[in-house]
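Under mature numbering (1 follows the signal peptide of the UniProt record, and there is no 0), the letters of the sequence shown match residues -22 to -1, 1 to 144, in that order.
The beta carbon of each residue, even a glycine, is placed where N, CA and C say it ideally should be.
What follows is one structure encoded as structure tokens, with my remarks underneath.
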Amino acid sequence: MKRVLPALFAIMLMLMPSALYAVQPDEIMADPAQEARARNLSRELRCMVCQNQSIDDSDAPLARDLRLLVRERIAAGSTDQQVMDFLVARYGEFVLLKPRVQSRTLLLWLVPPLVLLGGGLVLWFGNRRRNRAAASEEGASFQLTPEEEARLEKLIAAQESPEKHR
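Next up, the structure:
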């Protein structure tokens, strides 16, 4: 057991994603407040190579360049908004993981809620239709044909006649 635990720990370390080590020690800023700002901004910027990762998580060379650029701008005294505006001006809106709400991105923001609303309405109307169909089938199954009604009346009359004679 003593040999198994270190081996399992070593295997777990090897299987951990390399994204945990994306920010290299030589990139880290001396000022913890500035480093925290840089990390927060890096989490909001898309890696242009990986596309579904932030530059904070990506170990691609371009992501490293963008992280260094963000830190350089912060060290120069730029605000967070100025850094973001600089990167958007240089790389376009695609560099943002969370696009800004603008007239040209309005469709991007409105489609998901509209699709969810539409899907909910389809399910609701489908359920109503199914319930109505089940109710009409239920009601139709209890209606007797004229022949069945006549036969039922004869059976009831036959049962009542012997009882009257008792």
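Minimum Cα-Cα distance from E5 among the listed residues D37, Q31, P(-17), I(-12) corresponds to D37. Contact between the stretch 67 to 75 and the stretch 48 to 59 is absent: fewer than three C-beta pairs spanning the two stretches fall below 8 Å. Secondary structure at S20: helix, using DSSP grouped into helix, strand and coil. For S36, no pairing in a beta bridge is given by DSSP.
The Cβ atoms of M7 and Y69 lie no closer than 8 Å to each other.
Residue pairing by DSSP places L74 opposite L23 in a beta bridge. For I33, the number of other beta carbons within 10 angstroms of its own is at least 16, and it is reported as buried.
In this structure R45 is buried. Its beta-carbon is surrounded by 16 or more other beta-carbon atoms within 10 angstroms. Boundaries cannot be given for V1, as no alpha helix (DSSP H) includes it and DSSP labels it neither H nor E.
Residue state for D43 is assigned as helix, using DSSP reduced to three classes.
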